[in-house]
Amino acid sequence: MADENIIDGKAFAADLRARIGEAVTQLKAQHDLTPGLAVVLVGADPASQVYVRNKNKATLEAGMQSFEHVLPDTTSQEELLSLIERLNSDDAVHGILVQLPLPDQIDEQAVIDAIDPAKDADGFHVINTGRLAAGGDAMVPCTPLGCLMMLKDRLGDLSGKEAVIVGRSNIVGKPMAQLLLDANCTITICHSRTADLPATCRRADILVAAVGRPEMVRGDWIKPGAAVIDVGINRVPKPGEEGKFRLVGDVAFDEAKDVAGVIAPVPGGVGPMTIACLLANTVTAACRQKGIEPPAL
Ligand code: NDP
């Protein structure tokens with residue numbers, strides 16, 4: 002497979018962030034509106050700290066306002082809910098993201114439910130899930146939104162394509178299926194009880210793997226020429242280097258790249274798109290809250 006068939010998520014995300022930056026400049030000039038994103042981190046999980054730092058940097062680089070709230074891991078549910086309430090009523094905050102996972106003493110669902118659906122930058126609130134399913138102005142979860150953007154960029158019109166999504170989580174699999182259905186694909190959602198996963202995957206013109214099992218999808222599960230989007234992020238030991246790890250996806254890349262028409266690899270595919278889509282969601286949320294038509298990003 003030639004390199005141009007490998008989707009460069011880093012470059013795509015950089016382009017998207019540049020477009021977001023231009024949209025923000027216009028919103029400031031024409032509407033005196035600076036989109037603002039609040040990110041809440043509870044505890045000191047090192048991976049979450051890195052994510053939050055990157056989100057903060059990307060938000061500022063796009064010309065937006067960033068509000069970072071880092072709370073100790075002893076924070077009670079009541080304290081977190083009262084912060085969410087303050088952010089819900091703060092006019093400078095248009096998007097709110099609470100970094101998951103949360104410490105054991107906090108009920109994640111209660112926190113997600115407390116976020117104003119209009120400011121739900123992650124699109125996890127049940128109102129947004131419902132709007133996505135019923136067809137309305139939903140906030141769409143960032144990772145599947147990024148996958149859809151990459152697919153449309155590479156394939157153009159997705160109408161009539163057979164799409165197979167492996168994984169049915171609320172944050173990736175289900176919203177991905179919904180977005181591809183809205184794009185007029187014919188959808189199959191697979192999961193751990195799917196009877197013949199390889200045969201089902203082989204039907205796919207578009208195959209999205211969101212499972213969390215290293216290199217589970219083999220090359221001979223892929224229809225020649227299919228578009229393959231690997232969402233999985235798995236840390237596996239580096240052969241011959243004790244104590245060191247490398248990231249692999251849910252797709253066996255070396256086998257798949259020779260069969261697929263286009264493929265989003267891990268790392269460097271879907272991952273970089275997630276933060277860019279978070280910024281895009283915040284711009285969309287800010288516009289809707291002000292009654293302005295959101296820019297087409
Ligand atoms: P979940 O664990 O919530 O869901 C995994 C899904 O995979 C479930 O629906 C499960 O089925 C299914 N599954 C598990 N084993 C098998 C199997 N052997 N055959 C078929 N299906 C199987 O994971 P997430 O959706 O949250 O995440 C999936 C992957 O994507 C993870 O690696 C995660 O790290 C990554 N991810 C990446 C992001 C990014 O920014 N790039 C963002 C979010 C996630 P069942 O429902 O039957 O249990």
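Residue numbering for the sequence shown follows the numbering used here, starting at 2 and increasing by one per position.
A virtual CB, placed ideally from N, CA and C, is assigned to each residue, including glycine.
Got a sec: does ligand 1 put a non-hydrogen atom nearer than 8 Å to the Cβ of M150?
It does not: the Cβ of M150 is nowhere closer than 8 Å to a heavy atom of ligand 1.
Name the two residues that bound the continuous alpha helix (DSSP H) containing G22.
10-32
For T275, the three-state DSSP class (helix, strand or coil)
helix
Give every residue whose Cβ lies closer than 7 Å to any heavy atom of ligand 1, listed in chain order.
T144, V167, G168, R169, S170, I172, V173, G174, C191, H192, S193, R194, T195, L198, A211, V212, G213, R214, M217, V232, G233, I234, N235, D251, V271, G272, T275
Looking at the unbroken beta strand (DSSP E) that takes in F68, where does it start and where does it end?
66-72
Would you kindly check if the distance between the Cβ of I113 and the Cβ of V41 is under 9 Å?
no
Quick one: what does DSSP say A39 is sitting in, helix, strand or coil?
strand
Reduced DSSP category for E86 - H, G, I as helix; E, B as strand; rest coil:
helix
Are the Cβ atoms of D74 and I97 separated by less than 9 Å?
no
Under the assumption that T285 contacts P295 (Cβ atoms under 8 Å), give the Cβ distance between them as a whole number of angstroms.
4 Å
Pull up the distance between the alpha-carbon of T187 and that of I276, whole angstroms please.
28 Å
Just tell me which of K291, V53, R219 has its CA closest to the CA of E256.
R219
To which residues of the same chain is K29 closer than 8 Å at the C-beta, ignoring the five residues directly before and after it?
T35, G64
Entirely enclosed alpha helix (DSSP H) segments - the region 231-257, minimum 4 residues:
254-257
In the DSSP assignment, what are the bridge partners of E163?
T187
If contact is defined by three or more beta carbon pairs under 8 Å, each pair taking one atom from either stretch, is the region 222-236 in contact with the region 201-210?
yes
Please determine, among K224, V232, M274, T201, the residue with the shortest C-alpha to C-alpha distance to R214.
Among K224, V232, M274, T201, the Cα nearest to that of R214 is on V232.
Where V209 sits in the DSSP three-state scheme:
strand
Since I believe A184 is in contact with L159 (beta carbons under 8 Å), could you give me their beta-carbon distance rounded to a whole number of angstroms?
That belief holds up - the Cβ atoms of L159 and A184 are roughly 4 Å apart, short of 8 Å.
Kindly indicate the opening and closing residues of the alpha helix (DSSP H) around G131.
127-135
Nearest-angstrom Cα distance between I107 and K58?
27 Å
Classify N55: buried if its beta carbon has 16 or more other beta carbons within 10 angstroms, exposed otherwise.
exposed
Note down, in chain order, each residue of its chain lying with its Cβ closer than 7 Å to the Cβ of A119, except the 5 sequence neighbours on either side.
A286, R289, Q290
Nearest residue (CA-CA) to F246, options A253, P238, V252
P238
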